Amino acid sequence: MEEFDHEVDAPRGATSREWEVFVREDTADPLTHVGSVSAPSVEIAREQAASLFARTAVTLWLCPADETQRYQRDAATLGTGKAGEDATMSVDEMESETLRGENR
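Here it is, written out as structure tokens:
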């Protein structure tokens with residue numbers, strides 16, 4: 001077996017695009033966000049998402065994370081919960097909430 005002899009210092013998302021994954025397990029179910037994958041193309045993202053999340057799904061959606069916007073009602077907050085705070089998240093906040101568990 002070859003020895004790992006070089007260090008990779010780029011963050012995971014720096015070399016691939018991040019894709020948000022949504023699935024529907026039954027035709028009557030709503031789409032549900034189940035996680036994200038990193039891949040250089042939509043074809044590879046689909047393969048990864050299907051192997052990780054779509055075992056029982058009838059529908060799989062992939063959305064480029066950098067083109068996905070989050071919105072919600074005023075009553076719910078994503079940030080610190082301060083009155084009058086914008087309910088949308090910054091890119092850094094969204095990336096810190098991915099299911100991969102990476103800390104930036």
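Under UniProt numbering, the first residue of the sequence shown is numbered 1, with each subsequent residue one higher.
We put the CB at the ideal spot given by N, CA and C, even for glycine.
Please read these numbers as outputs of a predicted model, since none were measured by experiment.
DSSP puts residue i in a beta bridge; with which residues?
i	result
R24	T59
E18	S38
E64	Sequence check: residue 64 is Pro here, not Glu. DSSP lists W19 as partners of P64.
Cβ atoms of residue j and residue i: under 8 Å apart, would you say?
i	j	result
S38	E25	no
Where residue i and residue j are concerned, what is the direct C-alpha to C-alpha distance, given to the nearest angstrom?
i	j	result
M1	E67	Residue placement at M1 is poorly supported in this model, since its pLDDT is 48, which falls under 50; the coordinates still yield a value, given next. Straight-line Cα distance between these residues: approximately 40 Å.
A65	S16	11 Å
A28	V42	26 Å
G40	R73	Checking the sequence shown, residue 40 turns out to be Pro, not Gly. Distance between the alpha carbons of P40 and R73: 33 Å.
I44	T32	21 Å
A50	P30	18 Å
Short of 8 Å in beta carbon distance, which residues of its chain neighbour residue i, apart from the five on each side in sequence? Order them along the chain.
i	result
R46	L60, L62
With residue i and residue j assumed to form a contact (beta carbons below 8 Å), what rounded beta-carbon distance in angstroms separates them?
i	j	result
V58	G35	Not a contact, Cβ separation roughly 18 Å.
Less than 7 Å between C-beta atoms, sequence neighbours within five positions excluded: which residues of the same chain meet that for residue i?
i	result
residue 110	The first residue shown for the chain is 1 and the last is 104, placing residue 110 beyond what the model contains.
Can you list, in chain order, the residues of its chain with a C-beta nearer than 6 Å to that of residue i? Leave out the 5 residues immediately preceding and following it.
i	result
Q48	V37, A39
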